[in-house]
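K.L.:
I'd like to ask you about the structure that follows.
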Amino acid sequence: MQQNDVLPELAQLEQLIAHAPAALNVEVLAQVPHMTQQLPLYALTLGNTAATKPAVVLVGGVHGLERIGTQVVLAYLQTLLQRLDWDRCLQHTLQHCCIYFIPLLNPAGMANGWRANGNSVDLMRNAPVECAEGAAWLVGGQRISRAIPWHRGRSDKMEIESQALVNYISTKLFQRPFSLVLDCHSGFGRTDRLWFPYAKSQRQPIAHLAEMYRLRQLLFQTYPHQNYIFEPQSQHYLCHGDLWDYLYDLSLANNTTMLPLTLEMGSWNWVRKNPFQLLSSLGMFHPIKPHRVKRVLRSHLILINFLINAALSYPHWLPLGNRAELHAEAEKLWY
């Protein structure tokens, strides 16, 4: 069976790379073993890479079953590449900020049709982060057996994909004044959610809680008819080893503001409308029906554009004098 058959998302990405303009910078962060192959883990860059500029990172495919996350990132990348030649607003944006793409972090897992990577490790339980408040049983990360989902992997070493992400984010973002991350997932709930750290604690807010609350305010004020729920992940469950908990904590040692968000697409609605898709291993994580896939790919364009504009304009909305007040409001809402 050809790679295109088992991993069409990688084929689509490589097709975009092959026809992309010179403005798109392409790196291979790692080669991921899969059967007799080595699958490339790509990272792509558009815009001004100067460390003084803000940045946005779009990530997909952390869990191999969640193909729609990769497809959302690829759809947005394709849109930008088509606009590069003629869109002066986009050209201006890219002069003043940088957009990074990691569309498919877990190529072996996606090729296998697994949530985990090729070593049966859940990448989002793989970071050296411990939840001391009672992680959800099994789901929150376990080291009982790799035959059970949510395995955390070795305690002394991260997986290739996890380490590549940590190295990349640390190198590209920690020297910048400001950055936003959007990591695209599916498989939870009936409503699209925007989650932020921590996943390890219900009691400890992040240091940038006021900034996250202000970002939520901006989104809801700018798009009052949007349908996102914006909240800490800990509102739903706690887990060990969350990569964004780990990277956020690492960022605190640097003079930067990095705000990581997880887009958790509400896939239960897709199942409600088409119960037969539960017969497929992808059914809980993917829209399946072509018209629903197109709708999902369209529906998050506004969000991603908003995040890029927010990053570009961060000095004009980050809280300064009212930071304590916003922090108190956020604690009242979420904690």
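Read in order, the letters of the sequence shown are residues 1 to 335 in UniProt numbering.
Cβ coordinates follow ideal geometry from the N, Cα and C atoms, glycine included.
#1: Who are the Cβ neighbours of Q12 in its own chain at under 7 Å, not counting the five residues just before and after it?
#2: Since I believe L238 is in contact with A135 (beta carbons under 8 Å), could you give me their beta-carbon distance rounded to a whole number of angstroms?
#3: Figure out for me which residue from D242, L307, A207 and L247 has the closest Cα to the Cα of L326.
#4: Quick one, which of G61, A20 and Q37 has its alpha-carbon nearest D85's?
#5: Can you give me the Cβ contacts of S120 inside the same chain, cut-off strictly under 7 Å, excluding the 5 residues immediately before and after it?
#6: Use the C-beta contact count for H316: other C-beta atoms within 10 angstroms, 16 or more gives buried, fewer gives exposed.
#7: Look up R193 in the DSSP assignment and say whether it is helix, strand or coil.
#8: In chain order, which alpha helix (DSSP H) runs of at least 4 residues are fully inside the segment 79-114?
#9: Where do the N-terminal and C-terminal ends of the beta strand (DSSP E) with Q12 fall, by residue?
#10: Who are the near neighbours of A164 in its chain, counting only those whose CB is closer than 6 Å to its CB and skipping five residues on each side?
#11: Which residue or residues does DSSP assign as beta-bridge partners of G47?
#12: Can M110 and G61 be called in contact, C-beta distance under 8 Å?
#13: If you follow the alpha helix (DSSP H) that E27 is in, where does it begin and where does it stop?
#14: Exposed or buried, M258, counting other C-beta atoms within 10 Å across all chains shown (16 or more means buried)?
#15: What do you get for H225, buried or exposed, if any count of 16 or more other CB atoms within 10 angstroms of its CB means buried?
#16: Contact defined as beta carbons within less than 8 Å: I believe D245 pairs with A127. What is the distance between those atoms, to the nearest angstrom?
#17: Would DSSP call Y42 helix, strand or coil?
#18: Can you check whether the CB of H300 is closer than 8 Å to the CB of H185?
#19: Between which two residues does the alpha helix (DSSP H) carrying M212 extend?
#20: Could you check the C-alpha separation between L77 and K172 for me, to the nearest Å?
#21: With DSSP collapsed to three states, give me the class of D249.
#22: Going straight from the alpha carbon of E231 to that of L333, what length do you get?
#23: Quick check on the burial criterion: 16 or more other C-beta atoms within 10 angstroms. Buried or exposed for Y335?
#24: Nearest to G113 by CA position, among L218, L10, E66 and E161, is which residue?
#25: Does the beta-carbon distance from I160 to V32 come in below 8 Å?
#26: What is the residue span of the beta strand (DSSP E) that F174 lies within?
#27: Would you call the segment 215-229 and the segment 193-202 in contact, with 3 or more CB pairs under 8 Å?
P.N.:
Taking the structure as given:
#1: If you number the sequence shown from 1, residue 12 lands on position 12. Correct list, in chain order: L74.
#2: Against the sequence shown, residue 135 aligns to sequence position 135. Against the sequence shown, residue 238 aligns to sequence position 238. Their Cβ separation, rounded to whole angstroms, is 5 Å, which keeps A135 and L238 in contact under 8 Å.
#3: Within the sequence shown, the letter at position 326 stands for residue 326. Here the closest residue by C-alpha is A207.
#4: For the purposes of this step, residue 85 is taken as the residue at position 85 of the sequence shown. Comparing Cα-Cα distances from D85 to each of G61, A20 and Q37, the minimum goes to A20.
#5: Position 120 of the sequence shown, counting from 1, holds the residue named residue 120. Hits under 7 Å: R146 and H151.
#6: By 1-based counting over the sequence shown, the position of residue 316 is 316. The residue is exposed, with fewer than 16 neighbouring Cβ atoms inside 10 Å.
#7: As a first step, residue 193 is located in the sequence shown; it is residue number 193 there, counting from the start. R193 falls in the strand class under three-state DSSP.
#8: The segment 79-114 contains these whole alpha helix (DSSP H) runs: 88-96 and 107-112.
#9: Here residue 12 is taken as the residue at index 12 of the sequence shown, counted from 1. Per DSSP, Q12 belongs to no beta strand (DSSP E); it is in the alpha helix (DSSP H), P8 to A18.
#10: Numbered from its first residue, the sequence shown carries residue 164 at position 164. These residues qualify, in order along the chain: L29, A30 and L41.
#11: Taking the sequence shown and counting its residues from 1, one reaches residue 47 at position 47. DSSP output for G47 lists C98 as bridge partner(s).
#12: Translated into the one-based positions of the sequence shown, residue 110 becomes position 110. Translated into the one-based positions of the sequence shown, residue 61 becomes position 61. Result yes, Cβ atoms of M110 and G61 sit closer than 8 Å.
#13: Locating residue 27 in the sequence shown gives position 27, where the first residue counts as 1. It is not in any alpha helix (DSSP H) - E27 instead sits in the beta strand (DSSP E) that spans N25 to H34.
#14: Mapped onto the sequence shown, residue 258 falls at position 258. Buried: at least 16 other Cβ atoms inside 10 Å.
#15: Here residue 225 corresponds to residue number 225 of the sequence shown, with the count starting at 1. It counts as exposed.
#16: Translated into the one-based positions of the sequence shown, residue 245 becomes position 245. Translated into the one-based positions of the sequence shown, residue 127 becomes position 127. So it is a contact: roughly 7 Å between Cβ atoms.
#17: On the sequence shown, residue 42 is found 42 positions in, with the first residue counted as 1. Three-state result, Y42: strand.
#18: Sequence index remark: in the sequence shown, residue 185 carries index 185 (1-based). Sequence index remark: in the sequence shown, residue 300 carries index 300 (1-based). No; because the gap between Cβ atoms is not below 8 Å, this pair is not in contact.
#19: By 1-based counting over the sequence shown, the position of residue 212 is 212. Unbroken alpha helix (DSSP H) run through M212: L209 to T222.
#20: Indexing the sequence shown from 1 puts residue 77 at position 77. Indexing the sequence shown from 1 puts residue 172 at position 172. Approximately 19 Å, taken between the alpha carbons.
#21: Sequence index remark: in the sequence shown, residue 249 carries index 249 (1-based). Reduced to three states, the DSSP call for D249 is helix.
#22: Sequence index remark: in the sequence shown, residue 231 carries index 231 (1-based). Sequence index remark: in the sequence shown, residue 333 carries index 333 (1-based). When rounded, the distance between both Cα atoms is 9 Å.
#23: For this step, residue 335 is matched to residue 335 along the sequence shown. Its Cβ having fewer than 16 others within 10 Å, Y335 is exposed.
#24: For this step, residue 113 is matched to residue 113 along the sequence shown. Looking at the Cα atoms, E66 is the closest of the given residues.
#25: Your numbering for residue 160 matches position 160 in the sequence shown. Your numbering for residue 32 matches position 32 in the sequence shown. For I160 and V32, yes; Cβs fall inside 8 Å.
#26: By 1-based counting over the sequence shown, the position of residue 174 is 174. Counting along the chain, F174 falls outside any beta strand (DSSP E), and DSSP gives it neither H nor E.
#27: yes
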